[in-house]
Amino acid sequence: MSGVDVGGESKKRSTNTEINMIPFIDLLMVTVAFLLITAVWVTNSRINADAQVPGPPNPTVELQPVPPEKVLNLHIGENEFGLVWKQGATVVSEIKVPKTQVETEQADRKIIRFPELAKKLEEEWKQQKNHWDPSDRKLDQCILHSDNRTPFKEIVAVLDALYTTKRDMKFNDGSVKQIPVFNMTFSVR
Amino acid sequence: MDHFSRKHHNPHAHVIHKPGSRLMHSVPLKFVWSKVMGHGARSANTSLNLTSYIDFLMVTVIFLLMSFSASGEIGVDKSVKLPKAENVEDVIDAPMIAVNGNQILVDGQLAGSTRAIEELGRLQKLDELFSMMKNKRELWKQLQPNRPFPGVCILQVDENVPALVVKSVFQTAAFAGYPNVSFMVGKISKSGG
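Listed in order, the protein sequences are those of chains L and C. Numbering-wise (our numbering), the first sequence opens with residue 8 and increments by one. Numbering-wise (our numbering), the second sequence opens with residue 423 and increments by one.
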């Protein structure tokens, strides 16, 4: 099994020697035990949002008036979603998407998803996009309008659909990553 | 092989026998005996083949190393049932605001009640949460004066909490200097869970 064959009583040493595997197995066992103890089995992630708060003013930089960009206003209705692109106060385009939700069950919990909304959002972004170049670090803005009683899981399902569409973005280190095309914030009344 | 040398087996001669294989001893044929004894070449000590065992350990170690997280487990309030989503990012180190059916907690400390927001029925700034978050921001700035403040916080919101509460907490966090708010969610696979 293990141990080094020293060749017994014969004068010539055997050409085949067995490596002692016991320390190696011990090391593997200790590593397995350590990794099992420190393992994190519950994987949580995050969905990003931005409150669109302007930063502190910089007195050294002169402010230039910036023309308003097209912004997607996503209305969560009772039976449908409203996708309204606005440039300032002007409505550029408006479509309605029926609220067809797909429910999947996982560990006795229902997960809601809106694949049709995700598809429509991608089509809309392709038509109305402001930022698509990989060197462009800005994202298109989406303002989420929802009823105060809307449960959070429905909001997350809408955000999930919103972040389905992705584009390439080039970073300072030269790497290119797939980033969601929209940045979301809530509308406040 | 001394069994063959004895012509007549005496059942009362000895009750204790020499250790060894017993299978098919009753068959009085030499070639059967030879086969049972392993043609006389079987050793009393057998070595186990450890290759498969080492392979198994190696695969286990590699799997565990791949799923190893140096940042450790992020505490999620037990009363919060997180919603799940596909298009997510990795969690970062930031202050945690947990919102369950009744309470708002900042890193485990009570910072308000969700009932009060629901009863009022309109968006509001939560003073207790605001002061706690502001204190956290000031402490961060004191500890790291040369670094720009990232303004990131993570909301652990129960899946059944109404949007009014979420928006109130979101807005309060933004007022307190945390405009980059992330929602903690469970990750589901792209295939559909």
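The beta-carbon is built from N, C-alpha and C at its ideal position, and this holds for glycine as well. Remember, predicted model here, so these are calculated numbers, not experimental data.
Contact note: aspartate 477/C does not reach chain L at a C-beta cutoff of 9 Å; the least C-beta distance is about 10 Å. Within chain C, no residue has its CB atom less than 9 Å from the CB of glutamine 185/L, the nearest being about 10 Å off. For isoleucine 576/C, at least one C-beta of chain L is nearer than 8 Å to its own C-beta.
DSSP places serine 553/C in the uninterrupted alpha helix (DSSP H) bounded by 549-565. Within chain L, the residues placing a beta-carbon under 9 Å from that of serine 491/C are Thr45, Ala46, Val47 and Thr50, ordered along the chain. The beta carbon of leucine 545/C sits closer than 8 Å to the beta carbons of Leu586, Lys589, Ser590 and Gln593 from its chain, once the five residues preceding and following it are set aside; these are given in chain order. For proline 141/L, the closest of Met191/L, Asp175/L, Ile26/L and Val188/L by C-alpha to C-alpha distance is Asp175/L.
The DSSP-derived three-state label of tryptophan 92/L is strand. Counting along the chain, the unbroken alpha helix (DSSP H) around lysine 589/C starts and ends at 585-597. The three-state reading of DSSP puts lysine 500/C in coil, since its state is none of H, G, I, E or B. As the crow flies, the alpha-carbon of methionine 518/C is around 27 Å from that of aspartate 147/L. For valine 583/C, the nearest CB of chain L lies under 8 Å from its own CB, placing it at the interface with that chain. Nearest Cα to valine 47/L within the set Tyr600/C, Pro441/C, Gly608/C and Ser489/C: Ser489/C.
Below the 9 Å Cβ cutoff, chain C contributes no neighbours of leucine 124/L, its closest Cβ being approximately 13 Å away. Less than 8 Å divides the Cβ of lysine 160/L from the Cβ of proline 505/C.
Shown in chain order are the members of the stretch 95-122 of chain L whose Cβ falls below 7 Å from a Cβ of chain C: Thr111, Gln113 and Ile118.
The beta carbon of valine 583/C sits closer than 8 Å to those of Val521, Asn522, Gly523 and Thr536, all from its chain and outside the five residues before and after it, given in chain order.
Interface flag for lysine 558/C against chain L is unset, since no Cβ pair is found closer than 8 Å.
Between serine 52/L and aspartate 512/C, the beta carbon gap of about 6 Å places them in contact (Cβ cut-off 8 Å). A Cβ-Cβ separation of about 28 Å leaves isoleucine 150/L out of contact with threonine 111/L under the 8 Å criterion.
Within the DSSP secondary-structure output, methionine 176/L pairs in a beta bridge with Lys184/L.
Setting aside the 5 residues that flank it on each side, valine 498/C is surrounded in the same chain by Leu504, Ala520, Gln578 and Met606, each with a C-beta closer than 8 Å to its C-beta; the list follows chain order. According to the DSSP assignment, leucine 542/C belongs to the alpha helix (DSSP H) that extends over 536-542.
Counting of Cβ neighbours within 10 angstroms places threonine 171/L among the buried residues, the total reaching 16 or more.
The three-state reading of DSSP puts phenylalanine 41/L in helix, counting H, G and I together. Counting along the chain, serine 474/C sits inside the alpha helix (DSSP H) bounded by residues 473-488.
Under the Cβ criterion of 8 Å, lysine 145/L is not counted among the residues facing chain C.
Contacts between arginine 156/L and chain C, judged by CB atoms closer than 9 Å, involve Pro584, Ala585 and Leu586 in chain order. When CB distances to chain C are screened at a threshold of 8 Å, the residues of the stretch 26-38 of chain L falling below it are Met28, Phe31, Ile32, Leu35, Met36 and Thr38, in chain order.
Taken in chain order, the unbroken stretches of alpha helix (DSSP H) that lie wholly in the stretch 96-154 of chain L and span 4 residues or more are 122-135. The DSSP-derived three-state label of leucine 34/L is helix. Among the residues facing chain L, valine 481/C is not included, as its CB has no counterpart in that chain under 8 Å away.
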